[in-house]
Amino acid sequence: MSHSKLASIFNKDEKRVDWHDKALWFVRHKRDLSVHNVQGWEELRNLGHGIKAHMLSNLDNYLIQFEENAKKNGVEVHWAANAEEHNKIVLQILKDNNAKKIVKSKSMLTEECHLNPALEADGIEVIDTDLGERIVQLAKETPSHIVLPAIHKNRHEVDELFQEHLGTKPCDGDPQYLTGEARKHLRTKFIQADAALTGVNFAVAETGGFVVCTNEGNADMGAHLAPVHIACMGVEKIIPKQEHLGLFLRLLARSATGQPITTYSSHFKKPRKGAKMHIVIVDNGRSEQLSRPDFRASLHCIRCGACMNTCPIYRRSGGHSYDATIPGPIGSILSPGKDLKKHSTLPFASTLCGSCSDVCPVKIDIHTQLYKWRQIITKETPQPFVKKQAMKAMGSIFAHPNRFETVGKIARWSLRNLPQAMINSKPNAWGKARDLPLGPEKSFDQWFKDRENEKKS
Amino acid sequence: MGSRNQILNRIKANKPELLDLPNINTSLFDEGLDLLKEFTKKVEVVGGNVVTLNSNDEIIQQIENTFTDAKVKFSNLPNTASFNTIELATLQNPHDLEDLDILILESNLGVAENGSVWVSDSEIPVRVLPFITKHLILVISAKDIVPYMHQAYEKLTNKDAGFGVFIAGPSKTADIEQSLVIGAHGALSLTVFLKD
Ligand code: SF4
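If you're matching them up, the sequences are chains A and B in order.
Taking the UniProt record's numbering, I'd label the letters of the first sequence as residues 1 to 457.
Taking the UniProt record's numbering, I'd label the letters of the second sequence as residues 1 to 196.
Structure representation (structure tokens):
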């Protein structure tokens, strides 16, 4: 389904849209307050961009270096060309270790690979342990945001979900009570788990170690209790040196939620005594995106979610309307690279206002890339007849000043004189869900000429 | 092996020409922070407490007075054997720490810009300790606080930790309608003792 159709489903509940919009804007605002306090913030962003660009230009060598060091540290390294292979590798590790119950901390990569259903099909119990992820897991939904997975749900819905699945008491959506109950429920899962699975925020070529950032501590509770830790990472998570973490950790949490750093920034390097550690390095379309000069920079993304929080379209259409693992502006660049046809409407889900590029901590030119995808999509995928004809007509109007003037006259007259019902009728897409302003008396051209004449006289 | 080489070859073929690695000039970020003030402010903003006390005895005393019903306790401060109720040397399974009420850890690296404190394998004999405990107490000397993350990593270079973590505050979540709740999976409270 197209983005606009899915968005209109979300838009049916006006109150929810309002609330969603405000909640995300609040996070964006916290981000602003936080970054304006950092001396040299723009320079940090430039460096973030520069280090990521350098990393991509030498990625194969950094991956080799990372693998070598990780192995020296006693970690087993696996490579997966695509989602299917990733799931197979994880399943094999679990089987080799006789693991039936696993705890996961948030990882968009495993979402992208649809790992949960793949493991569940083999009789493995998979528990998402980030509270937001657990909520959407119980609701049998997908995350609607990469940092705030359950941002589309209100507290009463969570209350009902918990009553149904965890046997909690009705509490009028008290977040403190609900979180406490989730804590108890998830503790038992941590204690019983045979294996823990985490994502990777940054992997350091120089040391073979990797960093996982959480506020809840769920990645750590899993990884330090279970006898097996599997970490899954996309190839682009590599950074050259450990000192670069200083820069990226400064950028990440401030951009994500306005915190100066996440509560836990955990640096994993060697397995603990008696336990095993595996790393799965995944391509799944990333090397292909690397081949597209116009879209390569999308691989800089450190998944902070800032572009989503600021996007006027995302805030009003909800993450699920993107029908993709990574929603919002950055997702709208990544998804068409994977399946142009399925995601052909996403680059149009933007006002091209550029706010996403403004907040991006690694300076991805998001709105320019969206515009570039539009050009490719218009050429390569069939466009609706009406849109094509409308574009042709617009082209001819803009090319002929006389026609433009005539159409302008008609439009101004219509907006002043026609009844509302006619203006907001079906053929006028602009009149959908909004009232149009009263047309001005004269055209801009006429207004300007008159003004110049007045000045002279 | 198949996928490994296939991925590496594809990346090699698709990557752009080599770009330089930028140099980080950390002096650009320096705003002459008052380290202790900034550190204290940041710890408090994220829901932790900062207390200035100088001797380990006083710290232990204060903890015992504050958490009167704590039963299971562990500290890595020197000479605190009487405080500890668990023997880590004989601990078989990290799961046995499930009931830990109080953990006191001494650290030698804190960061002013974000109030985080570094602990690693050398301070935590069992990795799950600072996460599984109900209350976490960190002890740090003022001289070990650096201004920014850049300086923190300078100090960590060549320190070979199998595991290490920057901790900033108690565990928290805002996943239910964006209301901040302290104590998701990890510690329910954090107190930092600052020694001059
Ligand atoms: S594109 Fe930039 S702003 Fe958006 S999630 Fe990625 S790093 Fe954050």
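Note that the Cβ used here is the ideal one computed from N, Cα and C, for glycine as well.
For the pair of segments examined, the segment 265–280 of chain A was found not to touch the segment 185–194 of chain B: the number of CB pairs separated by less than 8 angstroms stays below three.
DSSP places tyrosine 264 (chain A) within a strand segment (E or B) once states are collapsed to three. Membership of methionine 221 (chain A) in the alpha helix (DSSP H) is indicated by the continuous run 218–225.
At least 7 angstroms separates the beta-carbon of arginine 45 (chain A) from that of alanine 306 (chain A). With a threshold of 6 angstroms, the Cβ atom of isoleucine 60 (chain B) does not count as near the ligand SF4, since no heavy atom of the ligand is closer than that.
Glycine 234 (chain A) has its Cβ no nearer than 6 angstroms to any heavy atom of the ligand SF4.
Ranking A:Gly199, A:Lys363, A:Gly217 and A:Asn215 by CA distance to the CA of glycine 209 (chain A) puts A:Gly199 first. Within the same chain, Cβ atoms closer than 6 angstroms to the Cβ of arginine 134 (chain A) are found at Asp128, the five residues on either side in sequence being excluded. Rounded to whole angstroms, the separation of the alpha carbons of proline 227 (chain A) and glutamate 123 (chain B) is 21 angstroms.
At least one CB of chain B lies nearer than 7 angstroms to the CB of alanine 53 (chain A). Under the three-state reduction of DSSP, cysteine 213 (chain A) is assigned to strand. Not one heavy atom of the ligand SF4 falls within 6 angstroms of the beta-carbon of valine 27 (chain A).
If you draw a straight line from the Cα of threonine 26 (chain B) to the Cα of glutamate 42 (chain A), it is about 13 angstroms long.
Under the 7 angstroms criterion on CB atoms, isoleucine 124 (chain B) is classed as non-interfacial with respect to chain A.
When 9 angstroms is used as the limit between beta carbons, glutamate 85 (chain A) is near these residues of chain B: Ser3, in chain order. Sequence-distant partners of serine 141 (chain B) (beyond 5 residues in either direction) whose C-beta falls short of 6 angstroms from its own C-beta, in its chain, are Lys195. Taking a cut-off of 8 angstroms for Cβ pairs, the segment 59–78 of chain A and the segment 172–182 of chain A do not touch, as fewer than three such pairs fall below it.
At least one beta carbon of chain A lies nearer than 7 angstroms to the beta carbon of valine 128 (chain B). Listed in chain order, the non-local C-beta contacts of threonine 80 (chain B) below 8 angstroms within the same chain comprise Asn56, Ile60 and Ile104, local neighbours out to five positions each way being set aside. Ranked by how close their Cα comes to the Cα of methionine 233 (chain A), the residues A:Lys363, A:Asp96, A:Ser107 and A:Leu6 have A:Ser107 in first place. In the three-state DSSP reduction, phenylalanine 398 (chain A) falls in the helix class (H, G or I).
Per DSSP, glutamate 164 (chain A) is one residue of the alpha helix (DSSP H) stretching across 155–166. The continuous alpha helix (DSSP H) containing alanine 53 (chain A) extends over residues 41–57.
A distance criterion of 6 angstroms places the beta-carbon of glycine 305 (chain A) in contact range of the ligand SF4, judged by its closest non-hydrogen atom.
A direct Cα-Cα distance of roughly 19 angstroms separates alanine 53 (chain A) from glycine 331 (chain A). Using a cutoff of 6 angstroms, the CB of cysteine 301 (chain A) counts as near the ligand SF4, since one of the ligand's heavy atoms is closer than that. In the three-state reduction of the DSSP assignment, phenylalanine 26 (chain A) falls in the helix class. For glutamate 125 (chain A), the enclosing beta strand (DSSP E) has its first and last residue at 125–128.
Look at cysteine 360 (chain A): its beta carbon is less than 6 angstroms from one of the heavy atoms in the ligand SF4.
Spatial neighbours of alanine 70 (chain A) in its own chain (CB-CB distance under 7 angstroms, excluding positions within 5 residues in sequence) are listed in chain order as Val77, Gly208 and Ile279. Looking at A:Leu299, A:Pro382 and A:Gln163, the one whose alpha-carbon comes closest to that of isoleucine 364 (chain A) is A:Leu299. At the C-beta level, asparagine 97 (chain A) and lysine 269 (chain A) stay beyond 7 angstroms of one another. In the structure shown, cysteine 356 (chain A) adopts helical secondary structure according to DSSP, grouped into three states.
Nearest in C-alpha terms to threonine 40 (chain B), of all of B:Asn93, B:Glu113 and B:Arg4, is B:Glu113.
Around the beta carbon of threonine 133 (chain B), 16 or more other beta carbons sit within 10 angstroms, so the residue counts as buried.
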